[in-house]
Amino acid sequence: MHRESEIIMPFLHLNWYFPFFLGCFFGVAAMALHESAHIAAALALGIRIKKVGVNWKGLYTKRESGPANKSLLVALAGPLINLTLIASWHWLPNFGLANFCFAVFNLLPIRGSDGKRALKCWSETHPE
């Protein structure tokens, strides 16, 4: 039996918000790990990180260009960590899904994506 307040104003009950905030938490965690992989790869390859920040699209890093072969590895580091973390699907389905989404959308060759950067670096290192 429902209480009257549950029928009239269901949005006031926290059980409605929990899945939303849990999804947001896992999305932010996947994004943070994605950017951390870019940073770790850049530092390991000797590419200087200029800035780490947040904008309307989420977290981002700005780094020096570096040679195309190293920049390719840095561009792919974020999506690769997300692809690896999809394995968490069995234990944390929402986290696995968040990582799947980050991997797929970051590998698309669209403006500003890791996929576009990787494609550019690949074409520089493999001219035909």
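Just so we're aligned, residue 198 is where the sequence shown starts under my numbering, counting upward by one.
Glycine included, every Cβ here is placed at the ideal spot set by N, Cα and C.
Computed from a prediction, not measured in an experiment: that's the story for all the values here.
Could you check if E232 is buried or exposed, using at least 16 other CB atoms within 10 Å of its CB as the buried criterion? buried
Any idea what DSSP makes of G224, helix, strand or coil? Of the three classes helix, strand and coil, the one that applies to G224 here is helix, per DSSP.
At the level of alpha carbons, what is the spacing between P276 and E321? 20 Å
Straight-line Cα distance separating T258 from A241: 15 Å
Could you check where the alpha helix (DSSP H) with I313 kicks off and where it finishes? Sequence check: residue 313 is Lys here, not Ile. Where K313 is concerned, the enclosing alpha helix (DSSP H) stretches over 311-322.
Contacts around P306, its chain only, beta-carbon distance under 6 Å, and the 5 residues preceding and following it disregarded: G312, K313, L316
Who are the near neighbours of M228 in its chain, counting only those whose CB is closer than 7 Å to its CB and skipping five residues on each side? G255, L256, F299
Would A239 and I246 be called neighbours here (beta carbons separated by less than 7 Å)? yes
Go through its chain and collect everything with a Cβ distance to A234's Cβ below 6 Å, but skip five positions before and after it. Cβ neighbours of A234 beyond the five flanking positions: A274, G275, I278.
Could you tell me which of W288, S310, F218 sits nearest to A272, measuring between CA atoms? S310
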